[in-house]
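S.K.: The structure under discussion is supplied below as structure tokens; questions concerning it will follow.
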Amino acid sequence: MGWYLRSNPDYFAREKGETAVTDATPRLEVQHISRRFGGRAVVDDVSLKVMPGQVTCLLGPSGCGKSTTLRIIAGVDMQDEGKIFVDGQLVCDTVHRVPPEGRSVGLMFQDFALFPHLTVADNVAFGLKGSKAEKRARVEELLTRVDLLRFIDEYPHQLSGGEQQRVALARALAPRPGIMLMDEPFSGLDDRLRDDIRDETLSVLKEEGTAVLLVTHEPEEAMRMADEIALMRDGRIVQQGAPYNIYNAPVDRAAAGFFSDINVIRGEVHDLFTKTPFGQFMTPAMPDGAEVDIIIRPQHLKIEFDRNGNGPSPTPENGVPARAYVERARFMGSESLIEFRMDFDGSILKATVPGVFLPQPNTPMWLMIRRERCFVFPAKDPAVAGA
Ligand SMILES: Nc1ncnc2c1ncn2[C@@H]1O[C@H](COP(=O)(O)OP(=O)(O)OP(=O)(O)O)[C@@H](O)[C@H]1O
Ligand SMILES: [Mg+2]
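This is how it looks when you write it as structure tokens:
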């Protein structure tokens, strides 16, 4: 067992502090967790909380340390620094640890592997304790909830991929874990099925009051599932909050760009303002001469028609129109994507509009930047290589 230290009741009693569990006690709390491999901090001072019945998504690009964080919480890897609490009780610091089976944690990974030689019922009952009748009752309850009771005596190979996934969910939920750790559990499914299974899974977990920490590298999945998103980059959590806030108030250019395509207009600050072909932007927090990036998502560009070589009049909300020519337009299903070649420097800006809008290439148009929808960041963003 090596570094696998068994729990020591006296030690935990001393360290755990507050013992009464109140409504404000997080089901899971991680404090300042770090993990180094070969001198590199793969997880770097990560802190987060998950309340009962809440879903927190750990979202970030491949290799940023999401799975490592989850493995530490599950107890199959150990942090170099930091503490983990379940219901306010310390379960792990760098000296002592409660083993994985003592943490009330359920696991669901992409590779969920049911036991092929066991029936659906026996798969779900696998981690259960109690009498045969009690186990059967719990298995039937869960299979009813995931709408698979009719398959109770079948074997995994007789089920579709999505059905197997739901059996895996029932199996993970069977022992009533207070916390469910999920590592990209839906990535093996095709798109339509995935949406349904995500939604079903979410409602089952909410009904059970489970605290969920879900790892994903897909922003759409995080937006769909999460009450709270923790955005991770290079081992650190760079921003944490409700999906709406993370999307609409990103901390930096990379955070903005993680959720959608972005348009970037570079400018330089003079006397609190930055002049661009789209008019002036107020940049009061930046010193004179500083380079700034003005960022706008494609759905927030305002497209105006050309009127005999003129655009609309400037307004304080939308600034000055800049002339552009349609490079190409594509129909994307629920929206159309139009790429514009800008008259002022030949650069390409992308705009999306709901429904069908497919202007011919080289059609002259005018673009405006809605001031309340743009983000302004210093151009020297340390998070963006080569910025
Ligand atoms: N046991 C280990 N020894 C050395 N390096 C490791 C070990 N485990 C993970 N790493 C490294 O830590 C980094 C983070 O890995 P991790 O699996 O946590 O990333 P992730 O965010 O889950 O990525 P993905 O989205 O691709 O699954 C990677 O660069 C990985 O190579
Ligand atoms: Mg991973």
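Counting from 1, position 80 in the sequence shown corresponds to residue 80 in full-length UniProt numbering; the numbering is continuous, with no gaps. By construction, the Cβ of each residue, glycine as well, lies at the ideal position given by its N, Cα and C atoms.
#1: Can you give me the C-alpha to C-alpha distance between T201 and M182, rounded to a whole angstrom?
#2: Does any heavy atom of ligand 2 sit closer than 6 Å to the C-beta of K66?
#3: Of all the options M78, V95, V105, which has the alpha carbon lying nearest to the alpha carbon of V86?
#4: Just to confirm, is the Cβ distance from V326 to P361 under 7 Å?
#5: Pop quiz: S67 and V215 are said to be a contact at Cβ under 8 Å. What is the actual Cβ separation, rounded to whole angstroms?
#6: Taking C-alpha atoms, which residue in A113, R371, G178 lies nearest to E29?
#7: Taking buried to mean at least 16 other C-beta atoms within 10 Å of its own C-beta, is D261 buried or exposed?
#8: On the DSSP letters alone, give me the boundaries of the alpha helix (DSSP H) that N123 sits inside.
#9: Please determine whether the Cβ atom of F37 lies at a distance below 6 Å from any heavy atom of ligand 1.
#10: When DSSP labels each residue in this structure, what does residue 392 get in the three-state scheme?
#11: Can you give me the C-alpha to C-alpha distance between M365 and A351, rounded to a whole angstrom?
#12: Pick out whichever of T276, G162, F112 has its Cα sitting closest to the Cα of D345.
#13: Along the chain, which unbroken stretches of the beta strand (DSSP E) at least 3 residues long are found entirely within the stretch 273-310?
#14: Give every residue of the same chain whose Cβ lies closer than 8 Å to the Cβ of R373, excluding the five residues on either side of it in the sequence, and list them in chain order.
#15: What residues in its chain sit with their C-beta under 6 Å from that of I265, if we drop five residues either side in the sequence?
#16: Can you give me the Cβ contacts of P316 inside the same chain, cut-off strictly under 8 Å, excluding the 5 residues immediately before and after it?
#17: What would DSSP say about R97, mapped onto helix, strand or coil?
M.R.: With the structure as the only source:
#1: So the alpha carbons of these two residues sit roughly 11 Å apart.
#2: For K66, the distance from the CB to the nearest heavy atom of ligand 2 is below 6 Å.
#3: It is V105 whose Cα lies nearest to the Cα of V86.
#4: Closer than 7 Å, so yes.
#5: The distance from the Cβ of S67 to that of V215 is about 6 Å, consistent with a contact at the 8 Å cut-off.
#6: Among A113, R371, G178, the Cα nearest to that of E29 belongs to G178.
#7: Exposed, since its Cβ has fewer than 16 Cβ neighbours within 10 Å.
#8: Where N123 is concerned, the enclosing alpha helix (DSSP H) starts and stops at 120-125.
#9: Checking the Cβ of F37 against ligand 1 gives yes.
#10: With the chain covering only 1 through 387, there is no way to say anything about residue 392.
#11: Rounded to the nearest angstrom, the gap between the Cα atoms of M365 and A351 is 12 Å.
#12: It is T276 whose Cα lies nearest to the Cα of D345.
#13: The stretch 273-310 contains these whole beta strand (DSSP E) runs: 273-276, 279-282, 291-296, 301-305.
#14: Counting only Cβ-Cβ distances below 8 Å, and skipping sequence neighbours, we find I296, R297, H300.
#15: For I265, where only same-chain residues beyond five positions count, the Cβ hits under 6 Å are T276, I294.
#16: Listed in chain order, the non-local C-beta contacts of P316 below 8 Å within the same chain comprise R371, local neighbours out to five positions each way being set aside.
#17: For R97, the secondary structure class from DSSP, reduced to helix, strand or coil, is strand.
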